[in-house]
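Going by the working numbering, the sequence shown opens with residue 242, and the numbers climb by one from there.
Glycine included, each C-beta is placed from N, C-alpha and C at the ideal position.
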Amino acid sequence: MAKIDRAVAVREALALLDEVGLDGVSTRAVARRLGVEQPSLYWHFKNKQELLAAMAAAALEPQDALPLPQTGDDWRSWFLENYRSFRSALLAHRDGARLHAGSVPDGASRERLLQKFAFLVDAGVPQSHAIAGMLAASRFTVGSALEQQADPDADEAAAPTPGEHLAVPTHEQAFEAGLLMLLTGLAGASAPARDVRS
242 MAKIDRAVAV REALALLDEV GLDGVSTRAV ARRLGVEQPS LYWHFKNKQE LLAAMAAAAL
302 EPQDALPLPQ TGDDWRSWFL ENYRSFRSAL LAHRDGARLH AGSVPDGASR ERLLQKFAFL
362 VDAGVPQSHA IAGMLAASRF TVGSALEQQA DPDADEAAAP TPGEHLAVPT HEQAFEAGLL
422 MLLTGLAGAS APARDVRS
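Here's what the structure looks like:
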């Protein structure tokens with residue numbers, strides 16, 4: 242039984258994902274693409290779920306390669322850019338949002354997440370708000386990418402017909418508006434209470 246390189250297997254699995262979509266990815270199909278027997282994949286992945294988890298982690302490598310926020314950075318600007326780049330990483334692969342949904346960060350990805358959380362807290366965002374804000378923004382971003390990938394042609398049909406006054410926002414416009422609302426809510430909830438005197 243030929244032993245294969247894990248990184249090569251994941252790279253080919255992502256290429257297969259881009260070609261056939263998530264429903265077409267299987268350990269058998271990946272092994273066939275690699276020119277090996279299916280059991281060869283078990284050197285690295287016990288089952289399909291482990292392969293998908295490795296694919297999800299690899300798909301987010303561009304996001305993980307970005308510099309972490311530093312003390313003194315504006316947390317609001319970072320918050321916006323962080324979730325914009327997260328969305329871009331999800332959209333970079335066919336069914337990328339479906340692949341990522343439900344995955345749990347581990348190892349270096351988990352450490353980066355904890356550092357981002359610590360950055361928000363150090364910047365003055367209360368701990369409970371930082372947790373809720375990051376979780377809400379993450380789930381909103383995945384949902385936004387999922388909707389776009391489920392109906393990629395919707396933006397072309399979004400323009401109002403003659404006589405209509407309501408223009409449906411594109412996927413990106415809706416994402417930007419929603420992300421800004423999340424940021425506004427987080428900033429408002431994190432602001433020190435004002436001293437109101439009668």
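Sorted by chain position, which residues of the same chain lie with C-beta nearer than 8 Å to residue i's C-beta, five sequence neighbours on each side aside?
| i | result |
| --- | --- |
| H334 | L255, L258, D259, A300 and L340 |
| K244 | S281 and W284 |
DSSP three-state label for residue i, please.
| i | result |
| --- | --- |
| F358 | helix |
| I372 | helix |
| P367 | coil |
| G313 | coil |
| V383 | helix |
| R353 | helix |
| A432 | coil |
| E291 | helix |
| T411 | coil |
| R325 | helix |
| L307 | coil |
| P280 | helix |
| F286 | coil |
| L301 | coil |
| D264 | helix |
| A333 | coil |
| S318 | helix |
| P346 | coil |
In chain order, what residues of the same chain have a beta carbon less than 7 Å from the beta carbon of residue i, not counting five sequence neighbours either side?
| i | result |
| --- | --- |
| E388 | H412 |
| A250 | V271, L275, L282 and H285 |
| D363 | T312 |
| W319 | P310 |
| H370 | L427, A430 and S431 |
From what residue to what residue does the alpha helix (DSSP H) around residue i run?
| i | result |
| --- | --- |
| D259 | R247 to V261 |
| R274 | T268 to L275 |
| A338 | G337 to H341 |
Just confirm the distance between the C-beta atoms of residue i and residue j, as a whole number of angstroms; I'd bet it's less than 8 Å.
| i | j | result |
| --- | --- | --- |
| D314 | S350 | Going by Cβ atoms, the distance from D314 to S350 rounds to 20 Å, so no, they are not a contact pair. |
| L307 | A378 | 16 Å between Cβ atoms; not a contact. |
| F381 | G419 | 6 Å |
| P367 | S326 | About 25 Å; that fails the 8 Å criterion. |
Looking only at its own chain, which residues have a Cβ that is under 6 Å from the Cβ of residue i, when we skip the five neighbours before and after it?
| i | result |
| --- | --- |
| G374 | L427 |
| G337 | A300 and L331 |
| V437 | Confidence is the limiting factor: at V437 the pLDDT is only 41, short of 50, which leaves the residue's position unreliable, though a coordinate-based value still follows. Excluding residues within five positions, none has a Cβ falling inside 6 Å. |
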